[in-house]
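Step one of this worksheet: look at the structure below.
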Amino acid sequence: MLSILLLLSVADVPSEPALTLFPPRVELVGRDARQQLLVRGATDLTREAKYRSEQPAIVAVSPQGVVTPVGDGEGFIVAKVAGREIRVTVRVRGTDADRPATFERDILPILTRAGCNSGPCHGKARGQGGFQLSLLGYDPDFDYAAIVNEGRGRRLFPASPEHSLFLRKAAAQVPHGGGKRLEAGSVGYNTLRGWIAVGTPRTPADAPTVERISVEPSERRLTPRASQQLVVTAHYTDGSRADVTHLTTFQSSESVLAAVHADGLITAGPLPGEAAIMARFMDRFAVCNVVMPMPGSVDESVYARLPRKNFIDGHVWAKLKELGIVPSEPSEDL
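For reference, each letter of the sequence shown is one residue, going 161 to 494 in this note's numbering.
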């Protein structure tokens, strides 16, 4: 009898949702490739997980779950949460290839993420401080000429790239009205420095271009104060993909309800509601819809009984159901 009771009590305990990883498989091509992981259970566990690389000579992982290449080969990244583990296979290739940064593919996204070509900065109609860029990089020819050729070439110093005015101002090593836009020694800073050192090459005309971007997850239900990491992927015309989360600009339509950090981490506020989190990489956009429902639950029959006189009513009731809101009773005629 005791064994039967024990079996019944165990059966009544709900099992924890399985851990999952996004993406389910990682491919890194080149030394500058990277991939943000998402660890999921019943909630987003990306920032709670502890990560380790089982082949540190091939692949590395940061405490935030960002995977980067070390050498060619195949390795595994393990994420551990509350005693449970899940692993993802990582294939790395092309780390020995010397692919210099090029203007359109590598440099413009850094300038756009840093806000250098935004409206309040050098992207305004007449530029800023005698230096003008096209708004959000829409005219690469104009921007290239402004950076490389204008000002008698004084903005760049290929013989000693770190002494280029273009870098020193962005890193606030000399007075700059826009303040510090890049941290010296950061990935973006080093990419710009390397581009200057190899002669500021343009991206070949036949190189793949960004066809679209996608954001993962594209929709999410969050409880108060919960968080969710986003991953933005660029899809290129040759079928290749790349994680561009670190080069993406994020913005929330309702920061009080759901704020978003520069690295794509959403944090829900204490109030119910919904917000759209916009992700912009260059001139491409994707949206994650976030819902913070009312606390508690509402029986399905409440919404099933609501009148539907046309298709609009159906959409309204579906939205109220998503938010956990019960509509008021019809008012009496006066």
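Beta carbons are placed, not taken as given, at the ideal position from N, Cα and C, and that holds for glycine. Please read these numbers as outputs of a predicted model, since none were measured by experiment.
Straight-line gap, residue i to residue j (C-alpha atoms, nearest Å)
i	j	result
Ala319	Pro335	22 Å
Tyr463	Gly456	15 Å
Leu167	Gln388	Caution applies to Leu167, whose pLDDT of 45 falls short of 50 and renders its modelled position unreliable; the value that the coordinates give is listed next. Cα to Cα, Leu167 sits roughly 36 Å from Gln388.
Ala193	Pro280	31 Å
Asp299	Glu322	26 Å
Ser222	Ile437	25 Å
Leu500	Leu205	Only positions 161 to 494 of the chain appear in the structure, and residue 500 is not among them; the question remains open.
Ala344	Phe326	12 Å
Val230	Arg465	59 Å
Gln411	Glu492	43 Å
Lys340	Arg286	21 Å
Arg207	Glu310	45 Å
Val170	Thr369	Residue confidence is low: Val170 scores 44 on pLDDT, short of 50, so the model does not pin down where it sits. Its coordinate-derived value is still stated next. Cα to Cα, the separation comes out at about 55 Å.
Val173	Ala202	Low per-residue confidence applies at Val173: pLDDT is 47, beneath 50, and the placement is therefore not dependable, though the value from the model is reported in the following sentence. Rounded to whole angstroms, Val173 to Ala202 spans 16 Å at the Cα level.
Residue range of the unbroken alpha helix (DSSP H) whose run includes residue i
i	result
Pro229	Looking at the DSSP string, Pro229 is not in any alpha helix (DSSP H); the run it does join, the beta strand (DSSP E), is 226-229.
Tyr304	300-304
His475	471-483
Selection from the options that minimises the alpha carbon distance to residue i
i	options	result
Ser346	Glu414, Ile270, Ile307, Phe317	Ile270
Thr360	Ser378, Leu316, Thr369	Leu316
Ala367	Pro467, Asp266, Leu352	Asp266
Val238	Asp256, Thr262, Leu197, Ser488	Leu197
Pro377	Lys479, Phe182, Val227, Ala402	Phe182
Arg312	Gly290, Gly297, Lys329	Gly290
Ser374	Ser413, Ile307, Gly201, Ala446	Ala446
Contact set for residue i: own chain, Cβ-Cβ below 6 Å, skip 5 residues either direction
i	result
Glu482	Val451
Ala422	none
Thr427	Ser387, Ala419
Ile187	One detail in the question is off: residue 187 reads as Glu in this sequence, not Ile. Result list for Glu187: Arg251, in chain order.
Arg244	Leu179
Glu434	Val451
Own chain, CB closer than 7 Å to residue i, minus 5 neighbours either side, in chain order
i	result
Ile485	Met454
Arg372	His395, Arg444
Ala261	Ile267, Thr351, Gly354, Trp355
Range of the contiguous beta strand (DSSP E) that encloses residue i
i	result
Ile437	433-441
Leu425	425-428
Val250	244-253
Val375	370-376
Ala419	418-420
Simplified DSSP assignment, three categories, for residue i
i	result
Ala239	strand
Thr405	helix
Phe326	helix
Ser387	strand
Val308	helix
Arg341	coil
Ser412	strand
Ser461	helix
Val170	Since pLDDT at Val170 reaches only 44, below the 50 mark, its modelled position is unreliable, and the value read off the structure follows with that caveat. Three-state DSSP puts Val170 in a helix.
Residue i beta carbon near the ligand ATP (any heavy atom closer than 7 Å)
i	result
Gln224	You won't find the ligand ATP in this model; it holds no ligand whatsoever.
Cutoff 8 Å; reference residue i; Cβ partners in own chain excluding five residues on either side
i	result
Gly424	Gln196, Gln389, Leu390, Val391, Val392, Thr405, Thr408, Phe410, Ala439
Arg385	Thr427, Ala428, Gly429, Pro430
Arg401	Thr393, Ala394, His395
Leu382	Gln388, Ala418, Ile426, Ala428, Val450, Val451, Met452
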